[in-house]
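Asks: Residue numbers (the working numbering), protein chains in the order written: chain A, 13 to 173; chain B, 790 to 928. This structure is in structure tokens; I'll ask about it shortly.
Right, here's the structure in full:
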């Protein structure tokens with residue numbers, strides 16, 4: 013179980029490092045977005061590799077819903093050692109994944125404190141979901157929102173061209 | 790044993806293609822290209838039959854008088870095509886499956902390499918040496 017802790021610490025350091033340079037006199041909202049974009053693209057590359065490695069022998073991913081279920085069960089267990097708590101869909105390409113105690117947020121607070129800082133810690137995971145989906149053939153847009161720590165929800169919107 | 794090995798991306802362009810450099814290599818490239826149609830047919834046929842357990846290994850795609858062509862598709866729609874010399878009767882299905890499994894494992898390693906951008910040609914020397922070991926093996 014030591015590897016879970018290693019990833020948590022590494023992730024915390026990644027976020028801290030990117031935000032450590034915000035001591036510039038005029039940060040502006042552009043800087044924030046750059047950092048979030050960097051985190052998200054890191055997660056994307058990791059997700060692409062995971063999407064290749066995890067579903068090794070299972071070819072039962074015929075439909076989109078199967079792929080999402082795979083994300084909620086296998087991917088979440090592999091990365092966070094627990095399954096996603098709920099998956100909802102409107103059957104038209106939007107899926108909402110809810111996690112009532114997200115491991116990367118659970119150590120921070122439980123309640124409303126630090127809600128503004130939470131998006132920074134979710135950007136990498138959004139990218140992770142997007143990368144895995146893209147390797148499995150689904151182009152999507154993933155956003156995350158937090159109402160009260162440590163519960164968070166990820167919204168996946170599939171882009172059909 | 791294997792005379793030509795090709796890795797083809799989801800969008801049907803080659804990521805890696807290598808053949809034994811004795812004959813007209815263009816012939817092998819052409820065979821791989823025509824086998825892509827057969828692969829697509831097999832994938833779509835499996836989808837319609839509503840088979841619960843789908844296999845990654847597609848089996849013999851089509852035989853010609855000198856060669857046999859085998860296929861394998863991964864979950865990310867990356868296809869592996871292998872052309873094998875027909876004159877070797879001792880080549881069994883299990884061996885072909887194990888060769889594809891090795892290819893899949895090496896491809897996964899290439900994907901996890903941070904210096905590799907998904908979609909580029911595969912230039913990893915480790916992958917090259919694994920393919921060489923599969924091609925040189927003559928029994």
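Don't be surprised by glycine CBs; every beta carbon is placed ideally from N, CA and C.
1. Along the beta strand (DSSP E) that carries residue 797 of chain B, what are the first and last residues, could you check?
2. Quick one: does residue 897 of chain B have its CB under 9 Å from some CB of chain A?
3. Would DSSP call residue 852 of chain B helix, strand or coil?
4. Just to confirm the assignment, what range does the alpha helix (DSSP H) spanning residue 132 of chain A have?
5. Contact between the region 885-902 of chain B and the region 149-159 of chain A is defined here as three or more beta-carbon pairs at a separation below 8 Å; is this criterion met?
6. Would you identify the three-state DSSP class for residue 927 of chain B, choosing helix, strand or coil?
7. For residue 107 of chain A, which residues of its own chain have a beta-carbon under 6 Å away from its beta-carbon, when the five flanking residues on both sides are left out?
8. Should residue 804 of chain B and residue 910 of chain B be called a contact, given that it needs their Cβ atoms to be closer than 9 Å?
9. I'd like to know whether the C-beta of residue 865 of chain B is nearer than 9 Å to at least one C-beta of chain A.
10. Thinking just about the alpha-carbon of each residue, which of B/828, B/833, B/866 and B/865 is nearest to the one in residue 859 of chain B?
11. Select from A/157, A/133 and A/147 the residue whose C-alpha is nearest the C-alpha of residue 21 of chain A.
12. Starting from the Cα of residue 159 of chain A, find the closest Cα among A/59, A/123 and A/136 and give me that residue.
13. Kindly list the residues whose CB is nearer than 8 Å to the CB of residue 63 of chain A, restricted to its own chain and excluding five residues on each side of it in sequence; keep chain order.
14. Going by C-alpha to C-alpha distance, which of A/141, A/121 and A/56 sits closest to residue 906 of chain B?
15. Let me know the secondary structure DSSP gives residue 840 of chain B once reduced to three states.
16. If we ignore side chains and look at the alpha-carbon of each, how far apart do residue 65 of chain A and residue 76 of chain A end up?
17. What is the DSSP secondary structure of residue 56 of chain A, reduced to helix, strand or coil?
18. Name the one or two DSSP bridge partners that residue 803 of chain B has.
19. Along chain B, in chain order, which residues have C-beta atoms closer than 7 Å to that of residue 147 of chain A?
20. Taking its Cβ as the centre, do 16 or more other Cβ atoms sit within 10 Å of residue 819 of chain B, making it buried, or is it exposed?
21. In chain B, which residues lie with their C-beta within 7 Å of the C-beta of residue 64 of chain A?
22. Verify whether the separation of the beta carbon atoms of residue 923 of chain B and residue 880 of chain B is less than 9 Å.
23. Is the beta carbon of residue 109 of chain A closer than 9 Å to that of residue 96 of chain A?
24. Measuring straight from C-alpha to C-alpha, what distance separates residue 904 of chain B and residue 883 of chain B?
25. Let me see if you follow: with CB-CB separation under 9 Å, is residue 67 of chain A close to chain B or not?
26. Go to residue 164 of chain A, then tell me how far its beta strand (DSSP E) extends in each direction, as first and last residue.
27. State the Cα-Cα distance for the pair residue 98 of chain A and residue 111 of chain A, rounded to the nearest angstrom.
28. For a quick check, are the C-beta atoms of residue 824 of chain B and residue 855 of chain B less than 9 Å apart?
29. Would residue 869 of chain B and residue 796 of chain B be called neighbours here (beta carbons separated by less than 9 Å)?
30. By the DSSP assignment, the alpha helix (DSSP H) with residue 886 of chain B in it spans what residues?
31. Does the beta-carbon distance from residue 794 of chain B to residue 872 of chain B come in below 9 Å?
32. For residue 151 of chain A, which three-state DSSP category applies?
Replies: According to the structure shown:
1. 791-797
2. Yes, contact with chain A.
3. strand
4. Taken as a continuous stretch (DSSP letters only), the alpha helix (DSSP H) holding residue 132 of chain A covers 130-147.
5. Contact between the region 885-902 of chain B and the region 149-159 of chain A is absent: fewer than three C-beta pairs spanning the two stretches fall below 8 Å.
6. Unreliable positioning characterises residue 927 of chain B in this predicted model, as indicated by a pLDDT of 43, which lies under 50. A coordinate reading is not provided.
7. 80, 101 and 168
8. yes
9. yes
10. B/828
11. A/133
12. A/123
13. 143, 144, 145, 146, 147 and 148
14. A/56
15. Confidence is the limiting factor: at residue 840 of chain B the pLDDT is only 45, short of 50, which leaves the residue's position unreliable, though a coordinate-based value still follows. Residue state, collapsed to three classes: coil.
16. 19 Å
17. helix
18. B/797
19. 865
20. Using a 10 angstroms sphere on the CB of residue 819 of chain B, the tally of other CB atoms stays under 16, which defines it as exposed.
21. 865, 897 and 900
22. no
23. yes
24. Approximately 33 Å between the Cα atoms of the pair.
25. Cβ-Cβ to chain B under 9 Å: yes for residue 67 of chain A.
26. Where residue 164 of chain A is concerned, the enclosing beta strand (DSSP E) starts and stops at 163-170.
27. 7 Å
28. no
29. yes
30. 882-901
31. yes
32. coil
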